[in-house]
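**Student:**
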Amino acid sequence: MKNNQTRNNSSGFTLIELLTVITILAILMGLAMGIISYAQAKAAEDKTKGAMSAIKAGLERYYDRNGEYPEPMENNGMGTSGAIALYQALHDDGDDEILGGPNNPSDGRPGEEMLVNLLGKGLVGDDGDGVYYLKDGYDRPFMYQSYDPENPDATNQPTYDLWSYGTDKERNKTNKTSEPKWIKNW
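In terms of this note's numbering, the sequence shown opens at residue 476 and continues consecutively.
#1: Checking 8 Å against the spacing of the C-beta atoms, do residue 617 and residue 559 come in under that value?
#2: Could you check the C-alpha separation between residue 613 and residue 621 for me, to the nearest Å?
#3: How would you write the range of the beta strand (DSSP E) that residue 504 sits in, first residue to last?
#4: Can the beta-carbon of residue 598 be found less than 8 Å from the beta-carbon of residue 516?
#5: In the DSSP output, which residue or residues are listed as bridge partners for residue 620?
#6: Keeping to the same chain, check which residues put their C-beta closer than 6 Å to that of residue 611; ignore five residues upstream and five downstream.
#7: Take residue 519 and list the residues in its own chain whose beta-carbon comes closer than 6 Å to its own, dropping the five residues that flank it on each side.
#8: If you draw a straight line from the alpha carbon of residue 496 to that of residue 502, how long is it in whole angstroms?
#9: Does DSSP put residue 585 in a helix, a strand or coil?
#10: Would you grab the beta carbon distance between residue 545 and residue 564 for me? Rounded to a whole angstrom, and I think it's under 8 Å.
#11: Residue 673 and residue 562: beta carbons closer than 8 Å?
#12: Cβ-heavy atom distance between residue 509 and the ligand ZN below 7 Å?
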């Protein structure tokens with residue numbers, strides 16, 4: 476006699492097969508997220524370095540024209556005064572944040588004597604109150620401090636210090652342990 480029992484052959488996947496596929500997908504997603512995160516950080520760094528090159532060239536043109544580098548009203552390397560002064564000096568849009576200027580505020584429109592145009596590159600920030608400043612690839616203000624002969628140790632260069640805090644979340648110039656994370660001209 477033949478055993479007429481039929482075996483139920485299902486064409487589905489076993490639990491082990493499903494878990495294996497899910498694990499592989501999770502690993503691939505983790506790798507993709509890491510690659511995307513790295514690419515975004517590298518793009519922000521490259522954008523910041525490119526902007527710094529343009530700013531340095533603009534500052535040299537400013538120096539050639541005026542015989543000095545622009546000095547922010549608050550020339551201490553803290554806050555946004557340096558980024559505002561950079562915007563005003565390089566875009567010829569106001570001068571109320573530049574020491575010794577006639578105290579004209581920015582209006583968001585570059586003047587005829589613009590030294591470098593960073594407007595269309597996403598490097599000009601607006602605080603919402605009509606204050607414009609230069610920002611880095613991390614969407615934070617550039618830091619700028621001009622050399623002060625009365626306080627020569629305040630800057631690292633005999634001309635000016637220009638830097639971005641990069642990936643440094645602390646953003647404190649006095650904390651030298653975070654300095655390797657910065658993008659700087661010294």
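Glycine included, C-beta positions come from ideal geometry on N, C-alpha and C.
**Tutor:** In this structure, then:
#1: no
#2: 22 Å
#3: Premise fails: residue 504 lies in the alpha helix (DSSP H), 490-541, not in any beta strand (DSSP E).
#4: no
#5: 636
#6: 523, 617, 639
#7: 612, 613
#8: 10 Å
#9: coil
#10: 4 Å
#11: The displayed coordinates of the chain run from 476 to 661. Any statement about residue 673 would go beyond what the structure contains.
#12: The ligand ZN is not part of this structure, which contains no ligands at all.
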